[in-house]
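Chains as they are written, first to last, in the numbering used here: chain Z, 198 to 450; chain Y, 2 to 433.
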C-alpha cells in the first residue's frame, strides 16, 4: 500500500529524515516509536504533504502513485489520512460543514454523487457512536474551545467519516487520559479491516496496549534503527530509549 | 474645484430651500472657506480625496428620470422593501419611496418640511452637529444641499418592525454623477429601529456620493444601523454616519464595504449620556484597486459607558484598506470601558493595510484596549483543511468566510444578514 524508500527531508536547513525505509501492506498496523526529536512527527507531516518540509531524496509510493508529487488535498482524496497531533482550532467554520465538505470533495474525486443532507446525517450518526462524540460538539466551530480529548476524538471521528485506506495517527495518545485513550483506541480498532492500514506514531507504549500493532519500528536520529513485533514496544517501555542509543553507539565505536 | 454645474445647482436648491436656506448658505460659505482636504491633512493622509471631486461632475438639484420600474427592480426582497426610502442623485424622492409602517410608529418626510413644521426646533438643534467633528469642505458641501434630504423618526416607545432601508440611486448613464444625500434620524425614547443604507449606480459612468447621515437616539432607544457598499469599481464615496446618544441608550453600527474606487467612511459615536453602550463593527473585502478608508470616532463624555469596536479587512490585489480609530475619553467619563480591534488579512502581493489607533484619554479611571493585526491566512489552518481533501481555493474561501462571519453575525436583522452573507459568499466563491 505504502512503500517508502530512503526518504530524506529537511525543514529549513535542518536535516531531519535521513533515509527512511518502510513497507506497509493492507490490513497491517505499524507503530513508529522513538525519543523526542527523532523525526516521528516529521515523517507524518511529510507523508501528509505539509509544505514547510522539503523532501530532499527518496521515494514514497502510495497505491501505485508517487505520493510525494501529490498536493496534500489529493493525497487525502486518494485515501491518506493524518490524525493531527495538534488539531487546529478554526473559529467560524462549523465542524459539521467542514466534514460534509471534506466527504463530498472525496466523493467527487471518486466520481460519486455528493451525499444529500439526510444521507450525510445518517452516516454521521453511525460514526458518532464509534468515538462517543455528541451532536452539540459537532455544531460548534471546528475544534474551537474543545478539550484535548475532544479534539482527538474529533480527529478519529473525521477518520471514520472519510474511511481512509491508510491512516497516520500522529501522537494521538498525547494529552489523553486513560478513558479518552480507550475511547479513541476502540474507535480505531473498529475501523481496522483487511483492506486498510494504520501507521501509529507514538512516544509511549501505552497506546499500543489498546491498538495492537503488527510491526514496531524505532526511529532515532532520522532513521529506523530497529524493527520488530509488538514485543519490541514492551522492551522499549521497560528499558527506555537509552538502551537503543547505547547499542547504536557501541556499534559505531 | 471649478464646477459651474455645482454652482448653479446650489443656486437652484437654495432658491427653494425655505427654512433651510440659512443653513445651506452657511455651509456653502464654509465649503468655500475650508475647501477640500489635501493629503497633508492628517485625517486624509491615505486618501487622495481631491481627485474624486472632479470639475466635470454632473450635479443636479432634483432627481432625474429613473422610472419607478427601474427603482423597484433594485428593491431587496421581503421586509427590506416595506419601508423603502429612495434617493436619486442625492435627492429624496417621496413618490418613489414607500413606507408601510404606520405613522404612529414611523415618520418620514422631506427635511425641508421638517425644518418648517413642529419639528423645526429639533432640526435646528441637531442638523449639522457632525460638523463639530468634521470641519472640512466635504461635510460643508453636503450641508449646502441639505434641502434635498429626508427626516426620519421612530416614535416614542414604538418598535419599527421592518427595517428602514435607504436606497441611494446614482444615475451615471451620461456622465460622472455627483450625489449628496442628507439624512436626519430621530429615535425617540424607548423606540427601536433598524436602518440599512445601500447604494446602487445605474449606468456605466463614474459616480461620487457625498453623504451625511445624523442619527439621534434618546433614552432607552435601540438603533441598529447597517451600511452596505457594493456599488462597483467606478463608484466613489465619502460618507459620515454621525450617531448621537442623547440619553442612556444602545446604538450599534455595522459598515460593510465590498467594492468601490475610493471609499471613505466616517463613523462617529457621540456618547453623551452615562451608562450607555455602543458597538461598531466593520468589514472591508477589497480587490482590484479599491481604496477603503474607515475613520471612526468614539467620544465618551459621561461615566460608565461601554464602547466596543471591531473592524476586519480582507485586502486583495492592489487594494488598500485604511483604519483609523479615534477614542476620546473626556474628563467626566470615569469608568469608561472602550475596546477597539482591527484585523487584516493581506492576500495580494501589492495589497496594503494601514491601521492606526488614536486614544485621547482625559479621565483617570478607565479601561481602554486596542489592538491591530496585519497578516496572512493561517498556514496551519489551511493545511488542516487541505489534509482532509479540501482543495486549496475552497479551503481559502472557507477560512476567509470564517474570518468575515464574525462581523456578519453582528447584523441583528436576519434578512439583512442573509443578503450581506450572500454578497460576501459570492465574492469569496464560498458555498456550504
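Where a beta carbon is used, it is the ideal one built from N, C-alpha and C, also for glycine.
Here the structure is a predicted model, which is why all the values come from computation and not from measurement.
- DSSP, read as helix, strand or coil, puts residue 408 of chain Y in helix.
- In this structure the segment 248–263 of chain Z does not lie against the segment 428–443 of chain Z, because fewer than three pairs of beta carbons, one per stretch, are closer than 8 Å.
- The continuous beta strand (DSSP E) containing residue 153 of chain Y extends over residues 151–155.
- DSSP places residue 254 of chain Y in the strand class (E or B) of the three-state scheme.
- DSSP, reduced to helix, strand and coil, places residue 238 of chain Z within a helical segment of the structure shown.
- Taking 8 Å as the upper bound for CB-CB distance, residue 189 of chain Y and residue 219 of chain Y are in contact here, some 5 Å apart.
- Here residue 296 of chain Z has 355, 358 as same chain residues with Cβ atoms under 7 Å from its own Cβ, once five neighbours each way along the sequence are excluded.
- Within the segment 380–391 of chain Y, the residues whose Cβ lies closer than 7 Å to some Cβ of chain Z are 381, 382, 384, 385, 387, 388, 389, 390, 391, listed in chain order.
- At least one CB atom of chain Y sits nearer than 8 Å to the CB of residue 247 of chain Z.
- Around the beta carbon of residue 32 of chain Y, 16 or more other beta carbons sit within 10 angstroms, so the residue counts as buried.
- Within a 10 Å sphere around the beta-carbon of residue 351 of chain Z sit 16 or more other beta-carbons, which makes this residue buried.
- Closer than 8 Å at the C-beta level to chain Y, one finds these residues of the segment 340–363 of chain Z: 355, 359.
- Taking a cut-off of 8 Å on C-beta distances, the segment 274–286 of chain Y touches the segment 312–321 of chain Y, as three or more cross pairs fall below it.
- Sequence-distant Cβ neighbours of residue 39 of chain Y in its own chain, meaning closer than 8 Å and more than five residues away, are 45, 51.
- Relative to residue 363 of chain Z, the option among Z:216, Z:213, Z:220 whose CA is nearest is Z:220.
- Beta-carbon to beta-carbon, residue 429 of chain Y and residue 398 of chain Y are separated by about 5 Å, close enough to satisfy the 8 Å threshold.
- Around the beta carbon of residue 331 of chain Z, fewer than 16 other beta carbons lie within 10 angstroms, which makes this residue exposed.
- Residues of chain Y whose Cβ lies closer than 9 Å to the Cβ of residue 273 of chain Z are, in chain order, 387, 388, 389, 390, 391.
- Excluding residues up to 5 positions away in sequence, 282, 367, 368, 398 lie with their Cβ nearer than 8 Å to the Cβ of residue 238 of chain Z in the same chain.
- Chain Y has no Cβ within less than 8 Å of the Cβ of residue 213 of chain Z.
- Annotation for residue 131 of chain Y: 140, 213, 215, 241, 243, 269 place their beta carbon closer than 7 Å to its own, counting only its chain and skipping 5 residues before and after.
- Of all residues in the segment 294–319 of chain Z, those with a C-beta nearer than 9 Å to a C-beta of chain Y are 294, 295, 296, 297, 298, 299, 300, 302, 303, 306, reading in chain order.
- Judged by beta-carbon spacing, residue 97 of chain Y lies beyond the 8 Å limit of residue 172 of chain Y, meaning their Cβ atoms are not closer than that value.
- For residue 372 of chain Z, the closest Cβ of chain Y is not nearer than 8 Å.
- In the DSSP assignment, residue 206 of chain Z falls outside any alpha helix (DSSP H) and within the unbroken beta strand (DSSP E) covering 199–208.
- About 17 Å separates the Cβ atoms of residue 359 of chain Y and residue 322 of chain Y, ruling out a contact at the 8 Å cut-off.
- Closer than 8 Å to the CB of residue 403 of chain Y there is at least one CB belonging to chain Z.
- Look at residue 384 of chain Z: its C-beta is not under 8 Å from any C-beta on chain Y.
- For residue 178 of chain Y, the uninterrupted beta strand (DSSP E) run begins and ends at 178–180, by DSSP.
- Pairing residue 248 of chain Y with residue 192 of chain Y gives a Cβ-Cβ distance that is not under 8 Å.
- For residue 243 of chain Z, the CB contacts under 6 Å within the same chain, skipping 5 residues up- and downstream, are 206, 250 in chain order.
- An exposed status is given to residue 211 of chain Z, since fewer than 16 other beta-carbon atoms sit within 10 Å of its beta-carbon.
- Within chain Y, 388 have C-beta atoms less than 7 Å from the C-beta of residue 279 of chain Z, given in sequence order.
- DSSP links residue 423 of chain Z through a beta bridge to Z:415.
- Remark: C-beta atoms of residue 155 of chain Y and residue 77 of chain Y do not approach each other more closely than 8 Å.
- Per the coordinates, the alpha-carbon of residue 279 of chain Z lies some 26 Å from the alpha-carbon of residue 313 of chain Z.
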